[in-house]
Amino acid sequence: MQEPMNEGGGELPEELKAFESRLAGVRPAAAGIDRDRMLFEAGRAAGLSGAKRARWVWGAGTFGGWAAAACVALVLWPHAPKATPGNSSEARGPGGDVGAPQNVQAVENAPRAGDSVLAGLLSNFLPQPSPALRERNLILSRGADALPDLPPSTGIPAADPLPESYQLHPLLGHAKGFRS
Amino acid sequence: MTYTHRLRRDGGGQKWSLTLRIGCVAAAGMLGTLLARTACAQTTWPERTGQQPTRVIIPLHPSAPQTPDLQYHLLPRASDMHAGNAALGYAAAVEMIPPDRTAAEADELETLRTEPLADLDEKAAQKILANYDHALRQLRLAARYDYVDWQTDVFNRGLDAPLPSLSFLRQLSNVLTVAIRLDLKHRDFAAAVEKLQTGFALARHTGEGHALIQTLVGAAIAGAMTREVEEWIGIDGSPNLFWPLAYMPRPLLDMPRALAFEKDAAYLSIPELRQMRARPLTVAGWTRFVAGFQSASSGGDVEPPKTYEQQLQATGLALMIYPSAKQYLIERQHLSPEDVDKMPVAEVLGRYFPDSFDASMDRTFRYVNLPPAVALPALRKAERDFGQPGGMYTNLLARIFLPSLDRAIFINANTNRTLDALEAVEGVRAYAAEHHELPANLAALGLPIPNDPMTARPFDYRVENGGVTITSVPLEDPAARDTLIYQLTGP
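Chains as they are written, first to last, in the numbering used here: chain A, 1183 to 1362; chain B, 7 to 497.
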């Protein structure tokens, strides 16, 4: 049980008066935790502890990435169209490969020299015109004579040949109950 | 390569000695050849390979215009037509083509179409015509329907839409020419002109499709028919076709409709391209566009790529196009470099792609409906510029979809030029019949002779060596491979 306070209004001793004045100077501060700061400090502490290992992993990863890119370049390079200036104009000529995909520099006006390896790699992403589209372009550039000829039939008569009129008449006659 | 009609003389039934018979046959052969090469009714033309000027040599037989002027019609008369869709009739005719066609028959048909009229093997011709009897009757019926609607699904499927059986229609027109030639050999001009009506109507109907290929096949069929008109003109005593030729509609084939379709074929084939114009592009939209692009350009012939492949390809294409796209937006759409840098990559591509595609296509298509004398030189220059590496903002899609148009425009114009030039030829025949001399120039004919559509100027006309040459040299044709010469040889 608490002792009753001094209600008599008696004077405090000197040492308590000094303590009282210090207490009066104290102001309540905002409560809470600076979480951002905590997370930053925690991350930094963790990073510092594993710094050596992380540097090794990133270095190896970068090297591996470049090595893989070089391998892909070596594999794909022979398939990339050569970026020669004459390709595109010849491709639309009567004797050219009409509708063939163009080299990358001509296709999209790729601006920078020295991009040939990248251009060669990217050219593999170019859509290839279908045989039908090529044929359409060929016919439009050369005329209807470029239409494929009708393939000759095998010479074997169709299983159900069209009945001739003289065959039809008896059939109709029988169906209707007449004699032809 | 040329060939000449040669007269065939059958020997009598008298029992001559062997030596005498051999001598007579040899003499008759030499005489026949001499006559054929000099004075007899021959129409000669080179094989039209497109690599050399086309020179058609026709013997000049004066012939006054018919009375009434349009006694002959080269297209079916309205009073002979019936309401209905001709495409259904043609489909039925194709179904009636004999199924047991062999390579030997195809070769024989080619011979019958091209050998000199005097040498036409009538028995072989009649045999083929008998095989095609049902198909030709159906063809005649179909050609007399009053409109055609091929009902190709181009508005949903774009270039992937199946076209009518063009090769079979051409096959039928080839058989029809054999029938016309047989009529001409028998001098049955009324029967020949009825089949010419079928052929020219087939040409016009075939050309009324949405795909430019159809127009070109229509032009090829019309070319086969005009060749028979040339043969007709070369026959002594043949009726004059000046007014029937003048009455033929020009242009004969409806090309603007097909050109409009070809211009927007990519939009019809790739729905994502249409959507790209309507709203900002996202990464997913770009991936769908590339997949649709691939599908459209492959014609559905390849297996659709897997999702990761689509994403990889979309990324690769984006990488490839992005620098040009940025440059395009800055220079052509006048956006600041800072604004373009702030844009997501997909948005840059979405703003660039349809705009640049239209720009690439428009630089060629803007000329196509002009008169050929203006359009052809402009088209040739535009296509040369288009083919230049580093050509301004040439769009990848346009590279694949833009057809070579100058040849198509030329082929269509050539159909009209041939009709116009033949009209001039018939004008000369009419003048010669009336005045018993050759006209000094085309103006002397007193008939409405059209200008050469290739130059918008009168045909070049010369009187030389007792005959006449009517020449058309297209503008900017240094190799003269597109030159057409009608040479009327005097008696």
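Ideal Cβ positions, reconstructed from N, Cα and C, are used throughout, including at glycine.
**OP:** For the beta strand (DSSP E) containing R468 (chain B), list its first residue and its last residue.
**Re:** Start and end: D466 to E470.
Subject >> Among B:R143, B:L335 and B:S85, nearest to A365 (chain B) - alpha-carbon criterion >> reply: If we check each option's Cα against that of A365 (chain B), B:L335 comes out closest.
Original post:
So what does Y314 (chain B) bridge to, in DSSP terms?
Top reply: Partner(s): none; Y314 (chain B) has no beta bridge.
Original post:
Got a sec: which bits of the segment 158–173 of chain B sit with their beta carbon under 9 angstroms from any beta carbon on chain A, in order along the chain?
Top reply: So the list reads L165, D166, L172 and S173, given in the order they occur along the chain.
Original post:
Under three-state DSSP, which class holds Y151 (chain B)?
Top reply: Y151 (chain B) falls in the strand class under three-state DSSP.
Original post:
Roughly how many angstroms separate the alpha carbons of S173 (chain B) and E389 (chain B), rounded to a whole number?
Top reply: Between S173 (chain B) and E389 (chain B), the C-alpha separation is close to 29 angstroms.
Subject >> Residue-chain proximity (A1295 (chain A), chain B), Cβ-Cβ < 8 angstroms >> reply: The predicted position of A1295 (chain A) is uncertain, since its pLDDT is 38 and thus under 50; a value taken from the coordinates is nonetheless stated next. Not an interface residue.
**OP:** With DSSP as the reference, label G90 (chain B) as helix, strand or coil.
**Re:** Residue state for G90 (chain B) is assigned as strand, using DSSP reduced to three classes.
**OP:** Tell me D189 (chain B)'s beta-bridge partners as DSSP assigns them.
**Re:** D189 (chain B) is not bridged to any residue.
Original post:
How about W238 (chain B) and L247 (chain B): do their beta carbons lie closer than 8 angstroms?
Top reply: A contact, by the Cβ cut-off of 8 angstroms.
Subject >> Within 8 angstroms of chain B by C-beta, residues of the segment 1309–1327 of chain A in sequence order >> reply: Those would be P1309, Q1310, P1311, S1312, P1313, A1314, L1315, R1318, N1319, I1321, L1322, S1323, R1324, G1325, A1326 and D1327, in chain order.
**OP:** Please classify L494 (chain B): does DSSP put it in a helix, a strand, or coil?
**Re:** Annotated three-state conformation of L494 (chain B) is strand, per DSSP.
Original post:
Considering only C-alpha positions, which residue in the set B:Y151, B:P71 and B:I64 is nearest to A436 (chain B)?
Top reply: Closest in C-alpha terms to A436 (chain B), from the list B:Y151, B:P71 and B:I64, comes B:P71.
Subject >> Limits of the unbroken alpha helix (DSSP H) element including G473 (chain B) >> reply: In the DSSP annotation of this structure, G473 (chain B) is not part of any alpha helix (DSSP H); the continuous beta strand (DSSP E) holding it starts and ends at G473 to S478.
**OP:** Please state whether DSSP places P1195 (chain A) in a helix, a strand or coil.
**Re:** DSSP places P1195 (chain A) in the coil class of the three-state scheme, outside both helix and strand.
**OP:** Might you give, ordered along the chain, the residues of its own chain that have their beta carbon closer than 6 angstroms to the beta carbon of L135 (chain B), omitting 5 neighbours on each side?
**Re:** A185, listed in sequence order.
Subject >> Cα-Cα separation between D260 (chain B) and E101 (chain B), rounded to whole angstroms >> reply: Looking at the two C-alpha atoms, the distance is approximately 26 angstroms.
Original post:
By Cβ distance below 7 angstroms, which residues in the same chain neighbour N457 (chain B) in space, the five residues on each side in sequence not counted?
Top reply: Close CB contacts of N457 (chain B) within its chain, under the 7 angstroms cut and outside five residues either way in sequence, are with R463 and P464 (chain order).
Original post:
Roughly how many angstroms lie between the CA atoms of L118 (chain B) and R487 (chain B), to the nearest whole one?
Top reply: Roughly 27 angstroms between the two C-alpha positions.
**OP:** For the beta strand (DSSP E) holding I64 (chain B), just list the boundary residues, first then last.
**Re:** It spans T60 to P65 - the beta strand (DSSP E) in which I64 (chain B) sits, taken as one unbroken run.
Original post:
Looking at the structure shown, is D458 (chain B) part of a helix, part of a strand, or coil, going by DSSP?
Top reply: Taken through DSSP and simplified to helix, strand or coil, D458 (chain B) comes out as strand.
**OP:** Kindly indicate which three-state DSSP category R369 (chain B) falls into: helix, strand or coil?
**Re:** Correct three-state label for R369 (chain B): helix.
Original post:
Can you tell which of B:P343, B:R372, B:W156 and B:V431 has the C-alpha that lies nearest to the C-alpha of L169 (chain B)?
Top reply: Just measuring C-alpha positions, the residue of B:P343, B:R372, B:W156 and B:V431 sitting nearest L169 (chain B) is B:W156.
Original post:
Along the segment 362–377 of chain B, what residues have a CB closer than 8 angstroms to any CB found in chain A?
Top reply: The segment 362–377 of chain B vs chain A, Cβ under 8 angstroms: nothing.
**OP:** Output the distance between the C-alpha atoms of L279 (chain B) and K269 (chain B), rounded to the nearest integer angstrom.
**Re:** Distance between the alpha carbons of L279 (chain B) and K269 (chain B): 14 angstroms.
Subject >> Per-residue burial, R468 (chain B) [other beta carbons within 10 Å of its own, 16 or more giving buried] >> reply: Looking at its Cβ environment, which holds fewer than 16 other Cβ atoms inside 10 Å, R468 (chain B) is exposed.
Original post:
If you follow the alpha helix (DSSP H) that V374 (chain B) is part of, which residue opens it and which one closes it?
Top reply: Per DSSP, V374 (chain B) lies in no alpha helix (DSSP H) and is assigned neither H nor E.
Subject >> Buried or exposed by the 16-neighbour rule on C-beta atoms within 10 Å, applied to Y314 (chain B) >> reply: Flag for Y314 (chain B) reads exposed.
Subject >> CA-to-CA distance, K201 (chain B) to D194 (chain B), given in whole angstroms >> reply: Pairing D194 (chain B) with K201 (chain B), the inter-Cα distance amounts to about 11 angstroms.
Subject >> Contacting positions in the segment 409–435 of chain B - beta carbon closer than 8 angstroms to chain A >> reply: Listed by position, the residues of the segment 409–435 of chain B near chain A (Cβ gap below 8 angstroms) are P409, S410, L411, R413, A414 and I417.
Original post:
If we count the other Cβ atoms within 10 Å of its Cβ and call it buried at 16 or more, is H192 (chain B) buried or exposed?
Top reply: By the neighbour-count criterion, in which a residue is buried when 16 or more other Cβ atoms sit within 10 angstroms of its Cβ, H192 (chain B) is exposed.
**OP:** Could you spell out where the alpha helix (DSSP H) holding G240 (chain B) opens and where it closes?
**Re:** No alpha helix (DSSP H) contains G240 (chain B), which DSSP labels as neither H nor E.
Original post:
Just checking my contact of Q317 (chain B) with T293 (chain B) at CB under 8 angstroms: how many whole Å lie between their CB atoms?
Top reply: Distance from Q317 (chain B) to T293 (chain B) at the Cβ level is roughly 6 angstroms; contact confirmed, criterion being Cβ atoms closer than 8 angstroms.
**OP:** Give a yes or no on whether the minimum CB-CB distance between V520 (chain B) and chain A is below 8 angstroms.
**Re:** With chain B represented from 7 up to 497, any question about residue 520 (chain B) goes unanswered, as that position is not in the structure.
Original post:
So M282 (chain B) is in the alpha helix (DSSP H); what residue range does that whole segment cover?
Top reply: Unbroken alpha helix (DSSP H) run through M282 (chain B): P277 to A284.
Subject >> Touch test, the segment 147–167 of chain B against the segment 87–94 of chain B, Cβ-Cβ under 8 angstroms, three pairs minimum >> reply: Yes: at least three Cβ pairs fall under 8 angstroms.
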